[in-house]
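Just so you know, we're using my numbering here: the sequence shown kicks off at 203 and counts up by one.
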Amino acid sequence: MVRRRPRTAPGRRRDGPARAPQSIRDGVRTGWSDARKSLPAEVLDRLSLPAEQVWRDWADLPRTLIHGDTKVANFAFLPDGRVAAFDWTNLGAAPATLEIGWYLAVNGTRLARSKDDLIARYRGLLEARLERDLDAALWDRMMDAAIFTGARLLLWSKAIGLREGTAHRREDWAWWVEKLTRWSAR
Numbered sequence: 203m204v205r206r207r208p209r210t211a212p213g214r215r216r217d218g219p220a221r222a223p224q225s226i227r228d229g230v231r232t233g234w235s236d237a238r239k240s241l242p243a244e245v246l247d248r249l250s251l252p253a254e255q256v257w258r259d260w261a262d263l264p265r266t267l268i269h270g271d272t273k274v275a276n277f278a279f280l281p282d283g284r285v286a287a288f289d290w291t292n293l294g295a296a297p298a299t300l301e302i303g304w305y306l307a308v309n310g311t312r313l314a315r316s317k318d319d320l321i322a323r324y325r326g327l328l329e330a331r332l333e334r335d336l337d338a339a340l341w342d343r344m345m346d347a348a349i350f351t352g353a354r355l356l357l358w359s360k361a362i363g364l365r366e367g368t369a370h371r372r373e374d375w376a377w378w379v380e381k382l383t384r385w386s387a388r
């Protein structure tokens with residue numbers, strides 16, 4: 203099998219984190235340092251596994267086309283009531299729940315309802331679209347993938363948020379730790 207490097211969209215560079223602004227690199231380093239001090243050991247161990255190892259456990263999950271950067275800023279209501287999505291640079295095939303994992307991580311301060319209510323609504327809409335209920339064990343595994351993904355990408359920012367000391371930031375951190383602890387125990 204010949205492995206090929208993923209193609210980059212025209213006009214986009216594949217620079218990775220090394221080309222991120224210094225302030226972001228510093229924030230990621232500081233945030234993960236804070237997270238490592240605050241996370242239960244079993245959660246940190248699981249989050250530290252190579253992504254390939256973790257994803258092997260989820261290789262059999264159903265996949266669909268995902269936007270890959272679901273956040274408030276990438277959607278707009280059209281005059282006729284439909285919703286338009288833009289900025290499709292992270293388009294891919296993955297379990298549908300990865301969208302909700304990312305959404306919860308990146309939009310944590312903008313949610314109109316609790317994370318758990320949003321997850322329940324998402325599941326209900328997904329099942330309605332599929333015209334069938336999802337098996338509870340399958341749903342749990344799909345949500346494990348979502349929580350892992352959201353955490354691996356942005357838990358560092360949640361740890362930095364704790365420095366504000368607000369109830370909202372503490373509640374956000376506690377929600378992620380509780381979900382990650384449950385995942386780590388499986």
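Glycine residues also receive a C-beta, built at the ideal position from the N, C-alpha and C atoms.
- Secondary structure at F288: coil, using DSSP grouped into helix, strand and coil.
- With respect to the 8 Å criterion, L364 and R371 are classified as neighbours on the basis of their beta carbons.
- In this structure the region 339–349 touches the region 297–314; the number of beta carbon pairs closer than 8 Å is three or more.
- Counting along the chain, the unbroken alpha helix (DSSP H) around G233 starts and ends at Q224 to S240.
- Shown here, A314 sits in coil according to DSSP, grouped into three states, outside any helix or strand.
- Judged by DSSP in its simplified three-state form, A298 adopts coil rather than helix or strand.
- The criterion of a C-beta distance shorter than 8 Å is satisfied by R343 and W260.
- Note on geometry: alpha-carbon atoms of G283 and P223 lie some 38 Å from one another.
- V245 places its beta carbon 8 Å or farther from that of K273.
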